[in-house]
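The structure appears right after this line, and notes come after that.
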Amino acid sequence: MGELIIIGERINGMFTDIGDALRNKDPKAIQAWAVKQYEGGAHYLDVNSGPAIPTDERPEAYAWMVNVIQEVCDLPLCLDSTNYNAIEEGLKLCKRPAMINSCPAERSKIERVFPMAVQYNASLIGLTMDKKGIPKDSENRIAFAMELVAAADEFGLPIEDLYIDPLILPVNVAQEHAPEVLETIKMVKTLANPAPRTVLGLSNVSQKSPNRHLINRTFLAMAMSAGLDAAIMDANDDDLVDVAATAQILLNKSIYADSYLKVFRSR
Amino acid sequence: MPVAIVKEKYASRVGEVVIGATQEQGGTRTSVITVGGDSTLPFLHFEGKVQNRPVIALEVTDVVPPWNNIIKSSFEGVIDNPAAWAKRCVEEFGADLVYLKLIGADPEGANRSPEECAQTVKEVLSAIGVPLIVGGCEDPEKDNAVLAAVAEAAAGENLLIGFAEQDNYKSIAAAAMVHKHSVIARSPLDINICKQLNILINEMGLPLNRIVIDPMIGGLGYGIEYAYSIMERARLGALANDKMLSMPVICTVGYEANRAKEANVSADEFPGWGELEERTTLWETLTATALIQAGASILLMRNPNALRLVQANIADLMEGN
């Protein structure tokens with residue numbers, strides 16, 4: 391039960407305006423997208439410097455981003471980086487419990503990230519992959535999910551604070567993955583009681599396809615039907631947010647009222 | 099073998115609503131009532147907090163009501179005097195608050211004017227110190243005029259006024275907003291309309307903590323189970339953080355229970371049913387106690403003997419388990 395958690399994807403250095411903002415230390419674009427995504431319906435804001443900032447400067451950059459976002463918006467943040475020192479600098483400043491994005495099923499990284507999540511009362515996205523990459527089938531994805539669940543238990547992370555990301559790949563190059571991802575979402579719920587939650591980097595499914603919006607919207611509905619709890623997605627695609635609201639009604643997860651679309655966005 | 103108690107963890111809680119306003123708050127009440135706030139299903143003290151106990155309002159009408167003589171006998175001497183009747187409800191029978199039902203406004207009945215109704219409200223307010231709930235005569239057009247006059251006459255008192263319905267909520271909500279009262283939002287045993295009406299009233303600008311849900315109920319033996327399931331669903335919605343279903347629930351127990359044949363016909367007619375005096379009291383009592391198990395926060399009752407039994411039941415339920 392519960393509403394789909396929308397994690398707005400737009401504050402990412404891969405986008406030119408955010409990359410420029412980071413290089414020039416000009417908070418305007420970052421702050422504008424924070425507010426805009428809040429208005430669109432986001433519950434968390436993903437924060438990712440991308441390649442705009444050299445690795446050794448990222449801790450400072452994450453601290454700066456957290457501060458400038460919190461000046462204008464009090465949504466909790468989802469700190470997105472492979473640089474765990476950068477994430478930690480951000481976590482120190484977060485006013486609300488944050489989300490860490492992400493940790494693969496690799497022992498050395500688990501030992502670095504899980505205790506950090508516990509220390510800062512953060513939730514954590516665990517990826518169903520290891521050094522060798524993303525498995526082709528759901529069975530191996532689940533095996534990694536199991537390792538992450540065991541790690542949560544070992545390090546004392548509440549299981550509801552673990553979000554398993556079964557890693558969707560672009561449909562135009564890796565079509566066979568989508569059914570495996572859907573199956574994984576279903577199976578994750580059987581791994582523990584209470585169960586871990588599930589999350590997808592939704593926009594990845596439509597990378598470089600001409601029908602990006604349609605593919606995102608369709609896959610979101612399918613994934614929600616499989617039990618998806620959260621999505622890192624375009625919070626300003628109104629039709630996509632409407633799909634989330636409507637799927638929730640059709641799954642009987644929230645109670646229908648004629649104004650359900652409007653209510654879904656209100657807090 | 100020790101048994102592990104399974105506990106649910108809920109994301110949210112029922113909203114709290116305050117009824118009445120003291121002098122500092124712009125009214126004249128000597129005390130106010132807070133309802134709602136629970137963070138679990140009704141009375142599961144081991145699982146969450148049961149924040150405020152359910153409260154009982156005794157019903158008073160502005161003209162002599164067509165009730166059975168057993169109930170009326172408790173109000174001998176005051177049944178044609180709403181202010182004195184209200185005072186007796188509080189001082190003698192221990193009602194938490196008073197529910198003044200303006201049946202006299204009915205155009206098919208006494209057809210009292212909005213001004214007369216407002217005057218009665220003022221008289222009742224000066225006779226008692228507890229908060230007041232005011233219900234119209236349920237003729238939509240007349241109620242819009244009557245409740246607007248009442249709201250203005252009692253400005254600042256934070257009355258709980260009703261009934262706002264899907265087809266007729268705007269003028270009641272507006273009157274409540276302007277004159278600082280709270281509203282009873284009534285829906286016909288329908289969770290979807292219930293939610294929609296709350297959304298509509300809230301969109302007009304009335305905060306969620308000034309709305310109370312009247313889901314409409316059935317009395318014992320007359321569809322109470324439908325009311326029970328709607329109320330349970332609303333409570334689960336509130337606990338799952340559905341803000342538009344998170345208001346406390348009010349139930350018209352006295353009205354529904356006393357419509358039943360079982361609450362009115364004598365033992366002469368149905369010897370197997372036992373004496374009417376006991377039966378009519380129990381009919382209202384059991385309607386009330388079932389509904390507090392479903393999550394009712396405010397019970398509108400008529401019979402002081404039933405009130406006493408339900409109060410004892412509430413006191414028991416408020417003790418930890």
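Each protein sequence line maps, in turn, to chains A and B. Letter by letter, the first sequence follows residues 391 to 657 of this note's numbering. Letter by letter, the second sequence follows residues 99 to 419 of this note's numbering. Glycine included, each C-beta is placed from N, C-alpha and C at the ideal position.
For Ser492 (chain A), name the three-state secondary structure that DSSP assigns. Position 102 of the first sequence, counted from the start, is the residue given in the question as residue 492 (chain A). Here Ser492 (chain A) sits in strand by DSSP.
Can you have a look at Thr518 (chain A) and say buried or exposed, based on whether 16 or more other CB atoms are within 10 angstroms of its CB? Translated into the one-based positions of the first sequence, residue 518 (chain A) becomes position 128. Thr518 (chain A) comes out buried.
Which residues, taken in chain order from the region 256–290 of chain B, show a beta carbon closer than 8 Å to some beta carbon of chain A? Ile289 and Asn290
Could you check whether the region 327–341 of chain B touches the region 107–127 of chain B, counting it as contact only if at least three pairs of C-beta atoms, one from each stretch, sit closer than 8 Å? yes
Alpha carbon of Ile622 (chain A) to alpha carbon of Ala582 (chain A), nearest angstrom: Within the first sequence, residue 622 (chain A) is the residue found at index 232, counting from 1. Within the first sequence, residue 582 (chain A) is the residue found at index 192, counting from 1. If you take the alpha carbons of Ile622 (chain A) and Ala582 (chain A), they lie about 23 Å apart.
Which whole runs of the alpha helix (DSSP H) in the region 586–655 of chain A are 4 residues long or more, in chain order? 602–616, 628–640 and 650–655
Name the one or two DSSP bridge partners that Val347 (chain B) has. As a first step, residue 347 (chain B) must be located in the second sequence, where it is residue number 249. According to DSSP, which records beta bridges pairwise, Val347 (chain B) is partnered with B:Ile311 and B:Ala394.
Closest Cβ-Cβ distance between Met314 (chain B) and chain A: below 8 Å? If you number the second sequence from 1, residue 314 (chain B) lands on position 216. Closer than 8 Å: no.
Quick one: does Ala647 (chain A) have its CB under 8 Å from some CB of chain B? In the first sequence, counting from the first residue as 1, residue 647 (chain A) sits at position 257. It does; some Cβ of chain B falls within 8 Å.
Report the option in B:Asn296, B:Tyr326, B:Val130 and B:Leu384 whose CA atom is closest to the CA atom of Tyr646 (chain A). Within the first sequence, numbered from 1, the residue matching residue 646 (chain A) stands at position 256. Selected option, being the one with the closest Cα: B:Asn296.
Please return the same chain residues whose Cβ sits closer than 6 Å to the Cβ of Gly134 (chain B), not counting the five positions on each side in sequence. Here the question's residue 134 (chain B) lines up with position 36 in the second sequence. Contacts found: Val112, Gly113, Glu114, Val115, Pro346 and Ser395.
Does the beta-carbon of Met391 (chain A) have 16 or more other beta-carbons within 10 angstroms, so that it is buried, or is it exposed? Along the first sequence, one-based indexing puts residue 391 (chain A) at 1. Reliability of the predicted coordinates at Met391 (chain A) is poor, the pLDDT of 46 falling under 50, and the value obtained from them is presented with this limitation in mind. Classification of Met391 (chain A): exposed, given that the 10 Å Cβ count is below 16.
Whole beta strand (DSSP E) runs in the region 175–208 of chain B with 3 or more residues, listed along the chain? 195–199
Would you kindly work out how many angstroms separate the C-alpha atoms of Met302 (chain B) and Asn626 (chain A), rounded to a whole number? Translated into positions along the second sequence, residue 302 (chain B) becomes position 204. Translated into positions along the first sequence, residue 626 (chain A) becomes position 236. Cα-Cα distance, rounded: 26 Å.
Segment limits, alpha helix (DSSP H) that includes Asn411 (chain B): Counting from 1 along the second sequence, the entry for residue 411 (chain B) is found at position 313. Taken as a continuous stretch (DSSP letters only), the alpha helix (DSSP H) holding Asn411 (chain B) covers Pro402 to Leu415.
Met342 (chain B) CB to nearest chain A CB: under 8 Å? Within the second sequence, numbered from 1, the residue matching residue 342 (chain B) stands at position 244. Judged by the 8 Å Cβ criterion, Met342 (chain B) is in contact with chain A.
Per DSSP, what kind of secondary structure is Leu230 (chain B) in: helix, strand or coil? Translated into positions along the second sequence, residue 230 (chain B) becomes position 132. Reduced to three states, the DSSP call for Leu230 (chain B) is strand.
Against chain B, with Cβ distances strictly below 8 Å, would Met391 (chain A) count as a contact? In the first sequence, the residue the question calls residue 391 (chain A) occupies position 1. A caution first: Met391 (chain A) carries a pLDDT of 46, below 50, which makes its placement in the model too unreliable to give a value.
Give me the Cα-Cα distance between Ser644 (chain A) and Ser498 (chain A), rounded to the nearest whole angstrom. Translated into positions along the first sequence, residue 644 (chain A) becomes position 254. Translated into positions along the first sequence, residue 498 (chain A) becomes position 108. So the two alpha carbons sit approximately 40 Å from each other.
With a threshold of 8 Å between beta-carbons, can Ser513 (chain A) be considered close to chain B, or not? Here residue 513 (chain A) refers to the residue found at position 123 when the first sequence is read from its first residue. Answer no: the Cβ-Cβ gap between Ser513 (chain A) and chain B never drops below 8 Å.
Run the CB neighbour count on Gln509 (chain A), radius 10 Å, all protein chains shown included, and call it buried at 16 or more, exposed below. The count along the first sequence starts at 1 and reaches residue 509 (chain A) at position 119. Label assigned to Gln509 (chain A): exposed.
Within chain A, the residues that Lys293 (chain B) reaches when beta carbons sit closer than 7 Å: For the purposes of this step, residue 293 (chain B) is taken as the residue at position 195 of the second sequence. Under the 7 Å cutoff, chain A gives Ile645 and Ala647.
Are Pro560 (chain A) and Val589 (chain A) close, meaning C-beta to C-beta below 8 Å? Taking the first sequence and counting its residues from 1, one reaches residue 560 (chain A) at position 170. Taking the first sequence and counting its residues from 1, one reaches residue 589 (chain A) at position 199. In this structure, Val589 (chain A) does not lie closer than 8 Å to Pro560 (chain A) by Cβ.
Does the beta carbon of Gly175 (chain B) come closer than 8 Å to any beta carbon on chain A? Along the second sequence, one-based indexing puts residue 175 (chain B) at 77. Gly175 (chain B) does not count as touching chain A.
Please confirm whether Gly113 (chain B) has its beta-carbon closer than 8 Å to some beta-carbon of chain A. Walking along the second sequence from the start, residue 113 (chain B) turns up at place 15. Not one chain A Cβ lies under 8 Å of Gly113 (chain B).
Endpoints, alpha helix (DSSP H) assigned at Arg448 (chain A): Position 58 of the first sequence, counted from the first residue, corresponds to residue 448 (chain A). Looking at the DSSP string, the run of the alpha helix (DSSP H) that includes Arg448 (chain A) is Arg448 to Val462.
Thr132 (chain B), enclosing beta strand (DSSP E) - first and last residue: By one-based count along the second sequence, residue 132 (chain B) stands at place 34. That run of the beta strand (DSSP E) goes Ile131 to Gly134.
Which residues in the same chain as Ala355 (chain B) place their Cβ atom closer than 7 Å to its Cβ, once the five residues preceding and following it in sequence are excluded? As a first step, residue 355 (chain B) is located in the second sequence; it is residue number 257 there, counting from the start. Excluding residues within five positions, the ones whose Cβ falls inside 7 Å are Gly317, Leu318, Ala361, Trp381, Glu382 and Thr385.
Indicate whether the contact test is met: 3 or more Cβ pairs, each with one atom in the region 279–286 of chain B and one in the region 251–269 of chain B, closer than 8 Å. yes
Quick one: complete beta strand (DSSP E) runs, 3+ long, within the region 548–587 of chain A? 552–555
Compare the Cα-Cα distances from Gly409 (chain A) to each of A:Thr608, A:Gln460, A:Ala442 and A:Val458 and report the closest residue. By one-based count along the first sequence, residue 409 (chain A) stands at place 19. Out of A:Thr608, A:Gln460, A:Ala442 and A:Val458, A:Ala442 has the C-alpha closest to the C-alpha of Gly409 (chain A).
Which listed residue (B:Arg186, B:Ile390, B:Ala253 and B:Thr387) has its alpha carbon closest to that of Thr126 (chain B): As a working mapping, residue 126 (chain B) is identified with position 28 in the second sequence. The option with the nearest alpha carbon to Thr126 (chain B) is B:Ala253.
Would you say Val631 (chain A) reaches chain B, if we count a Cβ-Cβ gap shorter than 8 Å as a contact? Mapped onto the first sequence, residue 631 (chain A) falls at position 241. By this cut-off, Val631 (chain A) is not an interface position.
By DSSP's criteria, Asp366 (chain B) is part of a beta bridge. Which residues make up the other side? On the second sequence, position 268 is the one that residue 366 (chain B) refers to. Paired residue(s): none; Asp366 (chain B) is not in a bridge.
With Thr218 (chain B) as the anchor, note down where its beta strand (DSSP E) starts and where it stops. For the purposes of this step, residue 218 (chain B) is taken as the residue at position 120 of the second sequence. Premise fails: Thr218 (chain B) lies in the alpha helix (DSSP H), Pro212 to Ala225, not in any beta strand (DSSP E).
Run through chain A and tell me which residues come within less than 7 Å of Ile297 (chain B), C-beta to C-beta. Walking along the second sequence from the start, residue 297 (chain B) turns up at place 199. Under the 7 Å cutoff, chain A gives Ala647, Ser649 and Val653.
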